[in-house]
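A.B. asks: Chains as they are written, first to last, in our numbering: chain Z, 1 to 83; chain P, 84 to 166; chain F, 167 to 311; chain V, 312 to 456.
Laid out in structure tokens, this is it:
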């Protein structure tokens, strides 16, 4: 699955995106975040403030408990500040 | 005293202004309206809807019970509808 | 910056918006009122008072500036005969934050409807005309501030 | 009429206002947000999402048009690096009566702050930078609608 990062999350990650094949027991966005955070830097730092992360699955906003089944792209970013 | 008319009141009066010397027992705007209405047309028609008349004394908005003492101009007009 | 105009000629809202300038300025809100084809009218005739109208507009600008801590304010109101689609009134407010500028234009338009000596007459296709009555809803909205 | 733009280049608010045209149109309200010299910043950097941001702006236009029975709506939001005083965002709404147009621009700006994927970073004189945090007051205002 492709994972894309935006804004502060992108800067903390030091890159725009990752391409990762997840184990079969990774079902939700929460699972992804936990799995990646356990890998250490830069994930643990970029995902430290879990409540401040927002997500999109294939370009649609999604909650953290949403399933990643059949999803090709997960976007991770902080709360928006436009306008 | 000069009396000026605006908008619908001016049209009902058929003229922009009058110059009238009032008797000494005419003290307030109310007195003026009553005195002129008693003269008949066009005053009685133009001033028929008393609650819909607004006034200004020497270019300052005034209530109907305001004194016309030392005033050189009384403006009479309907409620405003700008904006 | 305060810009007040009572004029017969048309104006350009965009040009007016470009006049605001301040480093502290973060927000500009504006409102334009136009002659609308209601009641099958062909034009609108607007009458003003030669002295009181200008004074009332100035007072409204002062009050609004103080009330909303504005960095700039504009009021333009036209008089004379205006055709369908023509602008009647333009108000704009500049401030640091959006809330003040937005509330200021609502406040100015509400007050304009009741506090400024201006009178509108509808002109119809057959040449007849009718003075517009003040709306009770406008009076209530204005007195709610 | 719906006009939506997500762009790096500057825009002219006045030109955008002139695009509205309808015989029923009686009211146009607009709002411009500009880069303001807060926290001694020198510029603002705005990041967007290549797909989601445009879609979110389109959705916001649709919702606002329906909610306020608009005759026209415009949203322009810029991305990239913007200097002090430059326009960031422009929203405009056209309607028959003033209430709808005015409420529509307030609604759009409130929603923009929470519903559209855009992120602002402050750039300082020494070249350092800081991502702006979402304001709790914006979240509350947006959820109040």
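Even glycine gets a Cβ: it sits at the ideal position worked out from N, Cα and C. Every value quoted in this text rests on a predicted model; they were computed, and no experiment measured them.
(1) Nearest-angstrom Cα distance between residue 201 of chain F and residue 242 of chain F?
(2) Tell me, to the nearest whole angstrom, how far the beta carbon of residue 198 of chain F is from that of residue 256 of chain F; I am working on the premise that it is less than 8 Å.
(3) Please confirm whether residue 298 of chain F has its beta-carbon closer than 8 Å to some beta-carbon of chain V.
(4) Judging by CA-CA distance, which residue of V:383, V:365, V:350 is the nearest neighbour of residue 405 of chain V?
(5) Could you check which residue in P:160, P:162, P:161, P:152 has the C-alpha nearest to that of residue 107 of chain P?
(6) Note down, in chain order, each residue of its chain lying with its Cβ closer than 8 Å to the Cβ of residue 246 of chain F, except the 5 sequence neighbours on either side.
(7) At a Cβ threshold of 8 Å, is residue 280 of chain F touching chain P?
(8) Taking the alpha-carbon positions, what's the residue 301 of chain F to residue 280 of chain F distance?
(9) Drop a sphere of 10 angstroms on the beta-carbon of residue 8 of chain Z, count the other beta-carbons inside from all chains shown, and report buried for 16 or more, exposed for fewer.
(10) Who are the neighbours of residue 349 of chain V on chain Z, taking C-beta pairs under 9 Å?
(11) Less than 8 Å between CB atoms is the rule here; does residue 163 of chain P satisfy it with respect to chain F?
(12) Would you say residue 266 of chain F and residue 235 of chain F are within 8 Å of each other, going by their C-beta atoms?
(13) Identify the contact partners of residue 341 of chain V in chain F, using a Cβ-Cβ distance below 9 Å as the criterion.
(14) Rounded to the nearest angstrom, what separates residue 340 of chain V and residue 253 of chain F at their Cα positions?
(15) Which partner residues does residue 18 of chain Z have in the DSSP bridge list?
(16) Answer yes if the segment 103-118 of chain P comes into contact with the segment 28-40 of chain Z, meaning at least three C-beta pairs across the two stretches below 8 Å, and no otherwise.
(17) Which residues does DSSP list as the beta-bridge partners of residue 344 of chain V?
(18) Is there a Cβ from chain P that is less than 8 Å from the Cβ of residue 224 of chain F?
(19) So with Cβ pairs under 8 Å, would you call residue 107 of chain Z a contact of chain V?
C.D. replies: Taking the coordinates as given:
(1) 15 Å
(2) The Cβ separation is near 5 Å, so the contact holds.
(3) no
(4) V:383
(5) Of the listed residues, the one whose Cα sits closest to residue 107 of chain P is P:152.
(6) Excluding positions up to five away in sequence, the list reads 174, 211, 212.
(7) Yes, because at least one Cβ of chain P sits closer than 8 Å to the Cβ of residue 280 of chain F.
(8) 9 Å
(9) buried
(10) What residue 349 of chain V touches in chain Z: nothing, since even the nearest Cβ is about 13 Å away.
(11) yes
(12) yes
(13) 179, 183, 194, 195, 196, 197, 198, 258
(14) 13 Å
(15) Z:3
(16) no
(17) F:193, V:400
(18) no
(19) Nothing about residue 107 of chain Z can be reported from this structure: the residues present for chain Z run from 1 to 83 only.
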